[in-house]
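Asks: Here the sequence shown is numbered in our numbering, starting from 2 and rising by one per residue. Where a beta carbon is used, it is the ideal one built from N, C-alpha and C, also for glycine. From a predicted model like this one, the values you see are computed outputs, not experimental measurements.
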Amino acid sequence: METIQSDVVIIGAGGAGLRAAIALAETDPGLRIALLSKVYPMRSHTCAAEGGAAGVIKGDDSMDLHFGDTVGGGDWLCDQDAVEYFIDQAPKELTQLEHWGCPWSREKDGSVGVRPFGGMKIKRTWFAADKTGFHLLHTLFQTSLKYESIRRFDEVFTTDLIVADGRVQGCCAIEMRSGEMIQFQAPAVIICSGGAGRIFPFTTNGAIKTGDGMALAYRAGVPLKDMEFVQYHPTGLPSTGILLTEGCRGEGGVLRNKDGYRYLQDYGMGPETPLGEPVLKTMELGPRDRLSQAFWQEQKKGNTIPTKWGDCVYLDLRHLGEAKINERLPFVRDLAKSYSGVDMVTDMVPIRPVVHYMMGGIHTDINAATPLPGLFAAGECACVSINGANRLGSNSLTELLVFGRRAGESALAYVRGDSKPTVDTAEAGRQAAAAQARIQALFDRADGGETISGIRDEMQHTMEEGAGIYREEEPLKETTAKVASLRARQTGIALKDKSKVFNTELTAALELGSMLDVAEAVALSALNRKESRGSHQRLDYVDRDDKTYLKHSMAHYQGEEAPRIDYLDVVITKSQPGVRDYSGAKS
Ligand SMILES: Cc1cc2nc3c(=O)[nH]c(=O)nc-3n(C[C@H](O)[C@H](O)[C@H](O)COP(=O)(O)OP(=O)(O)OC[C@H]3O[C@@H](n4cnc5c(N)ncnc54)[C@H](O)[C@@H]3O)c2cc1C
2 METIQSDVVI
12 IGAGGAGLRA
22 AIALAETDPG
32 LRIALLSKVY
42 PMRSHTCAAE
52 GGAAGVIKGD
62 DSMDLHFGDT
72 VGGGDWLCDQ
82 DAVEYFIDQA
92 PKELTQLEHW
102 GCPWSREKDG
112 SVGVRPFGGM
122 KIKRTWFAAD
132 KTGFHLLHTL
142 FQTSLKYESI
152 RRFDEVFTTD
162 LIVADGRVQG
172 CCAIEMRSGE
182 MIQFQAPAVI
192 ICSGGAGRIF
202 PFTTNGAIKT
212 GDGMALAYRA
222 GVPLKDMEFV
232 QYHPTGLPST
242 GILLTEGCRG
252 EGGVLRNKDG
262 YRYLQDYGMG
272 PETPLGEPVL
282 KTMELGPRDR
292 LSQAFWQEQK
302 KGNTIPTKWG
312 DCVYLDLRHL
322 GEAKINERLP
332 FVRDLAKSYS
342 GVDMVTDMVP
352 IRPVVHYMMG
362 GIHTDINAAT
372 PLPGLFAAGE
382 CACVSINGAN
392 RLGSNSLTEL
402 LVFGRRAGES
412 ALAYVRGDSK
422 PTVDTAEAGR
432 QAAAAQARIQ
442 ALFDRADGGE
452 TISGIRDEMQ
462 HTMEEGAGIY
472 REEEPLKETT
482 AKVASLRARQ
492 TGIALKDKSK
502 VFNTELTAAL
512 ELGSMLDVAE
522 AVALSALNRK
532 ESRGSHQRLD
542 YVDRDDKTYL
552 KHSMAHYQGE
562 EAPRIDYLDV
572 VITKSQPGVR
582 DYSGAKS
């Protein structure tokens, strides 16, 4: 088996992984960095982001306002020290990206343009038309090419962490084009493997978002934090789940029910506002959890439009006119035309809420460090936590930059620090051989009559049934039990494709294993949280209960047993829990 020795291994080459790699390479040119990705880096999900990245830049904005929006938007479950750090660093990172060549869209006077975004009560979202993620990822990727010390391993699929002596010491991975196992030995590992939206049937997430890195850390003893908080985005295309960015509403798009009525005014989201210019704080610019919940209520009232893909409402952008749509939203116009056959210049677009983002993830402290020495995490796979119970749109791209860099800096301090962590190469070799044997066992397994797609399908549907926009005790119990039984049943899957070269059946089986572990943590954390907060809405516990649940849920892996859930205090620095007000009143 090939062995690669380096100082830091990064699992994931999306926005967070590339930013971490650059931070390491520019600070210490002598460092050996291995950057692993199961796809070519530009195929990472960051590339799909459309709307923008938040950071205070204009005179009428302030750090305090961004802080207030983020903490209130997160229903006070954010760690406020992490939010303060994030907000302070955000403009620096976005400016740095500009210096590396990111083509931010401009105002007429040449200054950086900002657009409104849901839950942000002032315009602060930097954007590059509606292809922000593409430009951000491209900028990082190009910048990373400058550094010879970043050694890329594209299409290399990580299967296990190597943990010895109570520390992480590397990871094992399959080189997909040969099927051979590689052991990566390193005293520090940063996980930047993205989210896990694929545990649900209808999602904006790319097919690769299967929670692999979350499962790696979880199985190695690191808790998964706040997993019950799953974000639905209110505007997905009904057939595919493809996202129409929040920028649509930021630019003045409105939501209408089957009667053409702007129903959000009935849900505490402010009075109806004139069409055209967006009016901040109200209506369509409310936060995503509230808008998705309002859809559900309209559906219950019979005010949605039935389609063969499920019930929908309309996104209406017609009043913006063709010129503005082409300038600000060219990509979404194309998407609506290609996938729904609707031109948003002349017609309303049917849309419905769609699973979009995991607020929870690998537990880290403010330095992006996990409790396992040598292991760091950043980006969507991690929970630091700045998103609390509901992420505000456009905070995530900025989070990749701020905490990707921070993870790089922390890993560097760890490997260069006084403890001088080393790798026990003999033990690493033994663990890599064991990992290889486990993969071989998948090929040798007897057929128990189960299929990957069958189990995946059952998992996705039970997650939607029990852990969707609204939840309650009995369906959640059923979902938890079902996912546990599916975890057991996966041993009945036999791989039919025995080849080694690009064996996607093998990687799909491994991804399914990760998704089932993550799904169980989501369902059980949701069952145990008997209150409603942000994206976690319980029909049987409708109120927020700060006395009992102003706490992070921590799911601890227990092998074949269900995870153990306990709680960790939220860090509050300056904002005591209050009422989330999106009524349009001055705040
Ligand atoms: C359609 C869409 C639009 C969005 N729009 C916005 C927006 O406008 N603004 C905003 O702030 N946020 C947006 N988001 C959210 C944001 O884009 C993501 O949260 C963020 O890009 C995640 O970045 P990441 O670096 O954590 O992970 P990703 O970009 O998902 O990268 C994950 C990396 O991990 C690698 N990986 C995973 N598993 C393995 C494994 N087993 N072995 C090796 N490598 C592995 C992958 O190959 C990939 O390189 C959007 C999300 C979606 C889905």
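Does the beta-carbon of Ile-123, which I'm using as the reference point, lie nearer than 7 Å to any heavy atom of ligand 1?
Replies: On the sequence shown, position 122 is the one that residue 123 refers to. For ligand 1, no non-hydrogen atom lies closer than 7 Å to the CB of Ile-123.
Asks: Among the residues of its own chain, which have a CB less than 7 Å from the CB of Ser-533, if the five just before and after it don't count?
Replies: Against the sequence shown, residue 533 aligns to sequence position 532. Within the same chain, Ser-533 has close Cβ partners Arg-539, Tyr-542, Val-543, Asp-544, Arg-545.
Asks: Please determine, among Thr-481, Trp-77, Thr-371, the residue with the shortest C-alpha to C-alpha distance to Val-580.
Replies: Translated into the one-based positions of the sequence shown, residue 580 becomes position 579. It is Trp-77.
Asks: Going by beta carbon distance, what residues of the same chain come within less than 6 Å of Lys-226, once the five residues before and after it are set aside?
Replies: The residue labelled residue 226 in the question sits at position 225 within the sequence shown. Cβ within range, chain order: Gly-361, His-364, Cys-384, His-553, Met-555.
Asks: Would you identify the three-state DSSP class for Arg-488, choosing helix, strand or coil?
Replies: Numbered from its first residue, the sequence shown carries residue 488 at position 487. Arg-488: helix per DSSP, three-state reduction.
Asks: Which term fits Pro-351, buried or exposed, when burial requires 16 or more other beta carbons within 10 angstroms of its beta carbon?
Replies: Your numbering for residue 351 matches position 350 in the sequence shown. With 16 or more Cβ atoms within 10 Å of its Cβ, Pro-351 is classed as buried.
Asks: Would you say Ile-175 and Val-169 are within 8 Å of each other, going by their C-beta atoms?
Replies: Mapped onto the sequence shown, residue 175 falls at position 174. Mapped onto the sequence shown, residue 169 falls at position 168. In this structure, Val-169 does not lie closer than 8 Å to Ile-175 by Cβ.
Asks: I need the boundaries of the beta strand (DSSP E) containing Lys-552, first residue and last residue.
Replies: Locating residue 552 in the sequence shown gives position 551, counting from the first residue. Boundaries of the beta strand (DSSP E) around Lys-552: 552–559.
Asks: Pro-354: buried (16+ other C-beta within 10 angstroms of its C-beta) or exposed?
Replies: Here residue 354 refers to the residue found at position 353 of the sequence shown. It is buried - the Cβ of Pro-354 has at least 16 other Cβ atoms within 10 Å.
Asks: Taking C-beta to C-beta, are Gly-56 and Ile-192 nearer than 8 Å?
Replies: For the purposes of this step, residue 56 is taken as residue 55 along the sequence shown, with counting starting at 1. For the purposes of this step, residue 192 is taken as residue 191 along the sequence shown, with counting starting at 1. In terms of Cβ geometry, Gly-56 and Ile-192 do not form a close pair [threshold 8 Å].
Asks: Can you determine whether any heavy atom of ligand 1 sits closer than 7 Å to the C-beta of Cys-249, and answer yes or no?
Replies: The count along the sequence shown starts at 1 and reaches residue 249 at position 248. Relative to ligand 1, the beta carbon of Cys-249 is positioned no closer than 7 Å to any heavy atom.
Asks: For the alpha helix (DSSP H) containing Gln-143, list its first residue and its last residue.
Replies: On the sequence shown, position 142 is the one that residue 143 refers to. Where Gln-143 is concerned, the enclosing alpha helix (DSSP H) stretches over 133–145.
Asks: Could you check if Gln-294 is buried or exposed, using at least 16 other CB atoms within 10 Å of its CB as the buried criterion?
Replies: As a working mapping, residue 294 is identified with position 293 in the sequence shown. Gln-294 is buried by the Cβ-count criterion.
Asks: Can you tell me where the alpha helix (DSSP H) with Thr-28 in it begins and where it stops?
Replies: Numbered from 1 along the sequence shown, position 27 holds the residue referred to as residue 28. Annotation for Thr-28: the continuous alpha helix (DSSP H) segment containing it runs 16–28.
Asks: Measuring only the C-alpha atoms, how far is Leu-376 from Ala-21?
Replies: Stepping through the sequence shown from its first residue, residue 376 is reached at position 375. Stepping through the sequence shown from its first residue, residue 21 is reached at position 20. Per the coordinates, the alpha-carbon of Leu-376 lies some 13 Å from the alpha-carbon of Ala-21.
Asks: Can you tell which of Thr-28, Pro-30, Ile-11, Gly-52 has its C-alpha closest to the C-alpha of Leu-37?
Replies: As a working note, residue 37 is residue 36 in the sequence shown. Of Thr-28, Pro-30, Ile-11, Gly-52, the residue nearest in Cα terms is Ile-11.
Asks: By the DSSP assignment, the beta strand (DSSP E) with His-357 in it spans what residues?
Replies: Here residue 357 refers to the residue found at position 356 of the sequence shown. 350–359 is the extent of the beta strand (DSSP E) around His-357.
Asks: Return the residue from the list Glu-474, Leu-25, Lys-210 that minimises the CA-CA distance to Gly-514.
Replies: The sequence position of residue 514 within the sequence shown is 513, counting from 1. It is Lys-210.
Asks: With respect to 7 Å, is the separation between the Cβ of Cys-382 and the closest non-hydrogen atom of ligand 1 below this value?
Replies: Sequence index remark: in the sequence shown, residue 382 carries index 381 (1-based). Indeed, a heavy atom of ligand 1 lies less than 7 Å from the Cβ.
Asks: Using alpha carbons as the reference points, say which of Gly-418, Arg-178, Gly-493 lies closest to Arg-446.
Replies: Here the question's residue 446 lines up with position 445 in the sequence shown. The residue among Gly-418, Arg-178, Gly-493 with its C-alpha nearest the C-alpha of Arg-446 is Gly-493.
Asks: Please indicate yes or no: does the CB of Val-385 lie closer than 7 Å to some heavy atom of ligand 1?
Replies: The residue given as residue 385 occupies position 384 in the sequence shown. Every heavy atom of ligand 1 is 7 Å or more from the Cβ of Val-385, so no.
Asks: Beta carbon of Pro-202: closer than 7 Å to some heavy atom of ligand 1?
Replies: Residue mapping note: residue 202 aligns to position 201 of the sequence shown, counting from 1. Answer for Pro-202: no, Cβ out of range of ligand 1.
Asks: Between Phe-185 and the rest of its own chain, which residues show a CB-CB distance below 6 Å, the 5 nearest in sequence each way excluded?
Replies: Position 184 of the sequence shown, counted from the first residue, corresponds to residue 185. Closer than 6 Å at the Cβ level, and outside the excluded window around Phe-185, lie Ile-5, Val-10, Ala-35, Gly-171, Cys-172.
Asks: Thr-159: beta carbon under 7 Å from a heavy atom of ligand 1?
Replies: By one-based count along the sequence shown, residue 159 stands at place 158. Because some heavy atom of ligand 1 lies under 7 Å away, the Cβ of Thr-159 counts as near it: yes.
Asks: If I follow the unbroken alpha helix (DSSP H) through Val-72, where does it start and stop?
Replies: As a first step, residue 72 is located in the sequence shown; it is residue number 71 there, counting from the start. Where Val-72 is concerned, the enclosing alpha helix (DSSP H) stretches over 64–74.
Asks: Between which two residues does the beta strand (DSSP E) carrying Glu-181 extend?
Replies: As a first step, residue 181 must be located in the sequence shown, where it is residue number 180. Unbroken beta strand (DSSP E) run through Glu-181: 181–186.
Asks: Confirm, please, whether the CB-CB distance from Arg-199 to Ala-187 is below 8 Å.
Replies: Here residue 187 is taken as the residue at index 186 of the sequence shown, counted from 1. Here residue 199 is taken as the residue at index 198 of the sequence shown, counted from 1. Not closer than 8 Å, so no.
Asks: What's the gap between the Cα of Leu-292 and the Cα of Gly-102?
Replies: One-based indexing of the sequence shown puts residue 292 at position 291. One-based indexing of the sequence shown puts residue 102 at position 101. Those two C-alpha atoms are separated by around 35 Å.
Asks: Please determine if the segment 241–257 and the segment 304–318 are in contact, where contact requires at least 3 C-beta pairs separated by less than 8 Å.
Replies: Between the segment 241–257 and the segment 304–318, the count of C-beta pairs closer than 8 Å reaches three or more; the two stretches touch.
Asks: Taking contact to mean 3 or more Cβ pairs, one atom from each stretch, closer than 8 Å, check whether the segment 260–268 and the segment 499–515 are in contact.
Replies: no
Asks: Measure the C-alpha to C-alpha separation of Glu-475 and Val-523 and round it to an integer number of angstroms.
Replies: As a working note, residue 475 is residue 474 in the sequence shown. As a working note, residue 523 is residue 522 in the sequence shown. Approximately 15 Å, taken between the alpha carbons.
Asks: Quick one: what does DSSP say Ala-369 is sitting in, helix, strand or coil?
Replies: To locate residue 369, count along the sequence shown from 1; it is residue 368. Of the three classes helix, strand and coil, the one that applies to Ala-369 here is coil, per DSSP.
Asks: Taking only the alpha-carbon atoms, compute the straight-line gap between Leu-525 and Tyr-233 and give it to the nearest angstrom.
Replies: Here residue 525 refers to the residue found at position 524 when the sequence shown is read from its first residue. Here residue 233 refers to the residue found at position 232 when the sequence shown is read from its first residue. Answer to the nearest angstrom: the Cα atoms are 19 Å apart.
Asks: So, at 7 Å on beta carbons, what are the nonlocal neighbours of Phe-444 in its own chain, with the 5 sequence-adjacent residues on each side left out?
Replies: Sequence index remark: in the sequence shown, residue 444 carries index 443 (1-based). Leu-496, Lys-499, listed in sequence order.
Asks: Which residues mark the beginning and the end of the alpha helix (DSSP H) in which Ile-456 is found?
Replies: Here the question's residue 456 lines up with position 455 in the sequence shown. Note, Ile-456: alpha helix (DSSP H), 453–468.
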